[in-house]
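These notes concern the structure reproduced below.
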Amino acid sequence: PSSWIVLTLAGLLAVAGIGLGWWLRRRQPGLAQPGKPKTRAVLVTVGLVGAGLGASAPTPCDIETAYHCARVEADPGRAGGRTLVLNSARHSYVDLDDPTHLEFAYIQWIGALVDIQKSAGAPLDALHLGGGGFTVPAYIAATRPGSDQLVVELDGGLVTLDRRELGLTTGPQLRTRVGDARVGLSEQGDRSYDFVVGDAFGHLVVPWHLATREMAAEVSRVLRDGGMYAQNVIDYPPHRFIRAELATVADVFPHVAVIAPKGAFAGETSANYVIVASRSPLPLDEIRNHLDLVDEPVELVSGTALRALVGDARVLTDDYAPVDQLLAG
Numbered sequence: 436p437s438s439w440i441v442l443t444l445a446g447l448l449a450v451a452g453i454g455l456g457w458w459l460r461r462r463q464p465g466l467a468q469p470g471k472p473k474t475r476a477v478l479v480t481v482g483l484v485g486a487g488l489g490a491s492a493p494t495p496c497d498i499e500t501a502y503h504c505a506r507v508e509a510d511p512g513r514a515g516g517r518t519l520v521l522n523s524a525r526h527s528y529v530d531l532d533d534p535t536h537l538e539f540a541y542i543q544w545i546g547a548l549v550d551i552q553k554s555a556g557a558p559l560d561a562l563h564l565g566g567g568g569f570t571v572p573a574y575i576a577a578t579r580p581g582s583d584q585l586v587v588e589l590d591g592g593l594v595t596l597d598r599r600e601l602g603l604t605t606g607p608q609l610r611t612r613v614g615d616a617r618v619g620l621s622e623q624g625d626r627s628y629d630f631v632v633g634d635a636f637g638h639l640v641v642p643w644h645l646a647t648r649e650m651a652a653e654v655s656r657v658l659r660d661g662g663m664y665a666q667n668v669i670d671y672p673p674h675r676f677i678r679a680e681l682a683t684v685a686d687v688f689p690h691v692a693v694i695a696p697k698g699a700f701a702g703e704t705s706a707n708y709v710i711v712a713s714r715s716p717l718p719l720d721e722i723r724n725h726l727d728l729v730d731e732p733v734e735l736v737s738g739t740a741l742r743a744l745v746g747d748a749r750v751l752t753d754d755y756a757p758v759d760q761l762l763a764g
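Following my numbering, the numbering of the sequence shown begins with 436 at its first residue and continues without gaps.
Encoded structure:
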């Protein structure tokens, strides 16, 4: 945490200053020190007190994890509504009273994909790569009782905050594994999941090793026939990253589509996109029907339109994945 870093740095600088003064006096016994002794003592005291006050001052964080300044904000318009804020960005929304309430648009899209899996209400075996506020796991647990779910989340401090503030309850049917998403994915058995959600971010960027062809191949390996992969991506004009990621996923999965806000690909602002992939044909009409129920207008791009969108975008691999540069435009 940054407070301990500040205090440690202040202490080291103080020790270094005292040591330097002692060394100079030994080398040059007659060397005069600036100011009066009382003045020097006051300055040292003020510096140490100031560092201490700075380190102990209130922060915007409920918890400082190894990766995030995290806090939970109450929604004044909804009694059970809570927003998880990580490093000033709104990452998740949870309704403590109603886990079927999905606030963010892209989460509504993923919820629509959940709803078309198997028959209505049937349990799912679901793997979540990235936990955030555990909104989708809670939705699946509420709408499909008996589902077996594993959430792989890198930030153990975030899981602690979710338990304390966002109503997360784990058990045999909702398990967490603290660690890297790709490592956790590699530990799963072949054909063991019906639904895989990729929603892991380093701030607002998909970590490069979770965006490659090798990563997509691992997801395909753990999906059962008929299973579906939903990957959340954030991109900015000119949309170089989402195009490359679509090319990458399509290099592994024969059936791919992307859900986007209406007009996002012609827009000038950032947006969330959800890539949908499967080894089996996607039920596009059924997906569209469910997307018609969400709050904001969306488009589902597939087939010829998707190939035109991807164009000549290069497939990302473990040897070539310049995610930051693609996002920079």
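Cβ coordinates follow ideal geometry from the N, Cα and C atoms, glycine included.
Quick caveat: nothing in here was measured; it's all calculated off a predicted structure.
Query	Result
Contact check, HIS690 vs PRO716 under 8 Å by CB: the rounded distance?	5 Å
Excluding five sequence neighbours on each side, which residues of the same chain lie with their C-beta closer than 7 Å to the C-beta of HIS503?	LEU521, ASN522, ASP590 and LEU593
DSSP three-state label for SER655, please.	helix
Going by the DSSP bridge assignment, what does PHE630 pair with across the sheet?	ALA561 and MET663
Which ranges does the alpha helix (DSSP H) cover as unbroken runs of at least 4 residues, wholly within the region 568-633, from first to last along the chain?	570-578, 591-600 and 616-621
Looking at ARG749 and ALA682, is the spacing between their C-beta atoms short of 8 Å?	yes
With DSSP collapsed to three states, give me the class of ASN522.	coil
Leaving out five residues before and five after HIS536 in sequence, what residues of the same chain have Cβ atoms less than 6 Å from its Cβ?	ASP530
List the DSSP bridge partners of ILE498.	ALA505
Could you tell me the alpha carbon to alpha carbon distance between GLY581 and THR605, rounded to whole angstroms?	13 Å
Within the continuous beta strand (DSSP E) that includes ILE710, where are the two ends?	706-713
Taking the alpha carbon of ARG626 as the reference point, which residue from SER713, PRO718, THR752 and ALA740 has its own alpha carbon closest?	SER713
Going along the chain, which residues of its own chain have a beta-carbon closer than 6 Å to the beta-carbon of LEU488, five neighbours each way excluded?	With a pLDDT of only 46 at LEU488, under 50, the local geometry of the prediction cannot be trusted, and no value is derived from it.
Which partner residues does GLU734 have in the DSSP bridge list?	ALA695
Nearest-angstrom Cα distance between GLY602 and ASP533?	11 Å
Can you name, in chain order, every residue of its own chain whose Cβ lies under 7 Å from the Cβ of ALA492, other than the five neighbours on each side?	The predicted position of ALA492 is uncertain, since its pLDDT is 48 and thus under 50; a value taken from the coordinates is nonetheless stated next. Nothing listed; no residue qualifies.
Between ALA514 and the rest of its own chain, which residues show a CB-CB distance below 7 Å, the 5 nearest in sequence each way excluded?	ASP532
Please classify GLY489: does DSSP put it in a helix, a strand, or coil?	Confidence in GLY489 is poor, its pLDDT being 49 and thus under 50, which makes the residue's placement too unreliable to answer from.
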